[in-house]
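What follows is a set of notes on a single structure, which appears directly below.
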Amino acid sequence: MRRRVLLVFAISVVLLACVYQMRTASADEWQPISPDELKMTSVPEAPGAPAVILYRQVDRDDSARTGNQYNYVRIKILTEDGRKYGDVEIPFFREQGTIHGLKARTIRPDGTIANFEGKAFDKTIVKAKGLKYLAKTFTLPDVQVGSIIEYHYTYDLQEGLIFDSHWILSDELFTKHAKFSLKAYPEFMLRWSWPAGLPAGTPPPKDEHGVIRMETQNVPAFQIEDYMPPENELKMRVDFTYSEHDVEREPDKFWKNEGKKLNGRVESFISKRKALEQVVAQAVSPNDAPEEKLRKLYARAQQVRNTSFEMEKTEQEQKREKEKEINNVEDLLKQGRGNARQINWFFVGLARATGFEANSVYISSRRQYFFKPAMMNASQLTGDVVVVKLNGKDFYCDPGSKFAPLGLMPWEETFVKGLRLDKDGGAWVDTSLPQSSDSKIERKADLKLNEEDGSLSGKLTITFSGLEALSRRNDWRDEDETARKKFLEDQVREYIPVGIDVELTNKPEWNVASPTLVAVYDLKVPGWASAAGHRALLPVGLFSATEKQLFEHTNRVHPLYFEFPFEKDDEVTIQLPLGWQVSSVPKDLNQDAKAALYVRKVQDDKGTLHLTRILRSQLLMVDTKFYPALRAFFQNVRTGDEEQIIVQPMAARAAN
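Counting from 1, one number per residue, gives the positions in the sequence shown under our numbering.
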């Protein structure tokens with residue numbers, strides 16, 4: 001009997017190995033290329049397109065706890081401009097998974113093949129203003145007009161991300177033909193929807209024996225614009241939602257049940273009241289004011305080692321370190337570590353043990369999608385914050401965000417719908433949104449004008465505060481000092497509309513939960529003053545480059561979307577050479593558009609110029625019908641920044 005079992009087991013292993021080899025071999029094979037594809041010079045459905053996607057395949061496998069997705073793309077290069085698609089960018093999120101098995105090649109117009117033999121690199125891509133992401137990048141060989149380029153790869157997802165499944169149908173290029181499949185996780189119920197609709201003539205997805213399939217054709221190209229909502233929110237897509245039980249048709253009942261389950265987890269974690277009271281006794285004084293108590297409790301919660309901000313460890317590393325599971329606040333305190341969510345729960349427990357009313361709020365980030373409770377997808381509530389009642393008002397915070405000071409949350413957690421948990425199932429709330437004055441870039445320059453070459457030189461101090469500081473700390477937390485220094489110097493190059501020499505001279509505090517991030521520079525701006533006869537002209541807008549080409553296009557396809565309200569305050573002092581005089585300065589400007597403000601002043605103080613500029617925006621989402629008004633506002637900003645100060649050198653005065 002034992003031999004028979006062993007024999008059956010051995011045969012099963014062999015069969016599984018064969019299946020795996022077949023799947024691997026299949027994935028490595030290229031799709032056949034037709035003569036028509038090689039001869040193609042244009043596509044009637046996409047006139048003037050620089051390139052089109054001939055074929056795209058996405059096979060998602062959620063059948064195990066760790067999912068993966070196989071992707072195949074074939075692109076036809078139609079014009080000289082289309083050759084840029086030979087520089088391939090595959091977007092991904094490092095915390096969500098890894099890309100492997102990449103193969104790529106170029107098929108020349110004569111049918112000969114040049115295989116990609118190089119290496120792909122990780123790179124931060126800025127696609128449009130306000131839109132950047134991490135991408136796996138590589139360049140295909142010998143890409144010509146008439147070439148076909150194609151590549152395929154597998155995206156292995158982190159454990160648990162099978163519950164966030166999507167097919168993104170739209171692409172930057174017109175897609176001629178595409179196939180999608182999803183092998184569902186077998187232990188849960190599954191439903192799907194297409195919030196932005198399906199391409200014309202596309203039949204809805206079908207379940208074929210546990211594999212969901214869909215085929216589509218002639219998918220329009222997706223237009224990318226500066227400052228638009230998350231791409232995936234606007235693109236045609238299919239969303240998949242898993243649930244443990246039969247699909248609940250009433251959202252209120254669904255979320256009551258989910259809320260009770262989530263609340264049970266929080267209450268179980270913070271149930272060790274004695275341990276919490278001991279921490280409170282050490283952290284705060286009975287005489288502290290309520291806000292001071294909360295500040296001290298927040299700081300104590302952030303002292304816990306935050307494993308969510310550490311590089312992922314392998315199973316072997318975890319075993320070697322013998323790290324035990326953190327099941328409650330006692331475990332967290334004994335081991336001195338916890339993930340971001342556990343640290344937030346710990347803070348809830350501390351606040352309650354001090355007498356505050358505090359609750360956990362489960363949220364969905366607005367970085368990639370906008371959460372809709374009506375979709376009844378609990379797996380989208382991937383984040384959480386804490387709400388505390390302080391002086392009679394709800395106060396939102398996130399100690400689990402390593403660099404967030406009290407009262408500040410990452411921008412993607414602000415102004416989002418969240419489920420405020422309690423024993424009755426909770427209620428929907430909207431998290432707070434900081435005012436523009438709470439997230440500033442303050443640029444203070446103390447400069448001298450050189451009469452020889454018209455250059456400016458001196459010191460520049462930039463203070464990033466609020467979300468401006470926090471977003472930079474989060475974006476650059478895994479980079480070294482050299483990369484961070486270059487980033488901060490490049491920021492200044494982005495602000496000033498001419499070539500400059502700039503060097504960071506201080507060491508900003510990157511790894512602290514501080515309201516500000518301060519950078520100090522030596523700055524030289526060559527040729528800022530230009531000769532005009534016997535006079536010299538100085539533009540007013542030293543830091544105007546960011547707004548110089550903003551919203552140039554007359555028409556707008558998508559709504560405008562800003563990550564958070566912001567303010568830019570500039571104070572520039574320019575000391576003129578001895579004997580120089582100011583002939584005229586532009587009039588003060590004060591353009592108040594309620595949700596946006598532009599103020600500019602220029603003052604002459606006996607040979608020293610003082611320039612102040614304020615640009616403030618309280619905007620978050622702007623409908624396309626208001627785009628002309630917003631565009632006009634920023635055109636006025638550009639006009640104001642381009643005005644000139646007229647100065648008269650000493651030699652010119654003597655000649656006069």
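Cβ coordinates follow ideal geometry from the N, Cα and C atoms, glycine included.
In this structure, DSSP gives LYS393 an extended state, which the three-state scheme calls strand. Between THR137 and LYS123 a beta carbon distance of about 5 angstroms is seen, short of the 8 angstroms cut, so the two are scored as contacting. Distance between ASP156 and GLN96, taken at the CA atoms: about 9 angstroms.
With contacts defined by Cβ atoms closer than 8 angstroms, LEU576 and VAL647 form a contacting pair.
If you look at ARG237, you'll find it in the beta strand (DSSP E) that goes 237-243. If you draw a straight line from the Cα of ALA299 to the Cα of ALA513, it is about 9 angstroms long. Counting only residues of its own chain and dropping the five nearest sequence neighbours on each side, ALA596 has a CB closer than 6 angstroms to the CB of SER617, PHE633. DSSP lists ILE90, ASP122 as the bridge partner or partners of LYS136. Bounds of the alpha helix (DSSP H) holding SER471 are 467-475. In the three-state reduction of the DSSP assignment, GLN575 falls in the strand class, which pools E and B. The continuous stretches of alpha helix (DSSP H) do not include ILE496, and DSSP gives it neither H nor E.
The three-state reading of DSSP puts MET189 in strand, counting E and B together. Around the C-beta of PRO47, fewer than 16 other C-beta atoms lie within 10 Å, and the residue is accordingly described as exposed.
The shortest CA-to-CA distance from LYS334 to any of ARG305, ALA196, LEU537 is the one to ARG305.
If you check the CB distance, ARG638 and SER583 do not come in under 8 angstroms. Looking at the backbone, the Cα of ALA427 and that of ILE107 are separated by about 57 angstroms. At a Cβ-Cβ threshold of 8 angstroms, ALA301 and PRO405 do not count as neighbours. With a contact defined as Cβ atoms closer than 8 angstroms, ALA135 and ILE149 miss out at about 16 angstroms. For LEU470, the closest of PRO410, THR431, GLY160 by C-alpha to C-alpha distance is PRO410.
Pairing LYS524 with LEU504 gives a Cβ-Cβ distance that is not under 8 angstroms. Secondary structure at TYR85: helix, using DSSP grouped into helix, strand and coil. Scanning LYS324, TRP167, GLY101, ASP384 for the CA closest to the CA of GLU412 turns up ASP384. The residues ILE33, LEU38, in chain order, have a CB closer than 8 angstroms to that of GLY111 in the same chain once the five nearest residues on each side in sequence are set aside. Here ASP81 is actually not in contact with SER181; their C-beta atoms are around 33 angstroms apart, not less than 8 angstroms. At the C-beta level, ILE645 and LEU609 come within 8 angstroms of one another. Rounded to the nearest whole angstrom, the C-alpha separation of LEU419 and TRP345 is 15 angstroms. PRO539: member of the beta strand (DSSP E) spanning 535-539, first to last residue. Taking all protein chains in view, the Cβ of ARG265 is surrounded by fewer than 16 other Cβ atoms within 10 Å, so the residue is classified as exposed.
Between LEU433 and PHE415, the CB-CB gap stays under 8 angstroms.
Annotation: the segment 405-482 contains the following complete segments of the beta strand (DSSP E) (minimum length 3 residues), in chain order: 417-420, 427-430, 440-449, 456-465. Within its own chain, the residues whose Cβ lies closer than 6 angstroms to the Cβ of PHE269, once the five positions on either side in sequence are excluded, are ASN328, TRP345, listed in chain order. Here VAL582 is bridged, per DSSP, to VAL647. Cα atoms of PRO559 and GLY607: separation of roughly 46 angstroms, rounded to the nearest angstrom. For LEU517, the uninterrupted beta strand (DSSP E) run begins and ends at 516-525, by DSSP. Taking 8 angstroms as the cut-off, the beta carbon of ARG613 is found no closer than this to the beta carbon of ARG631.
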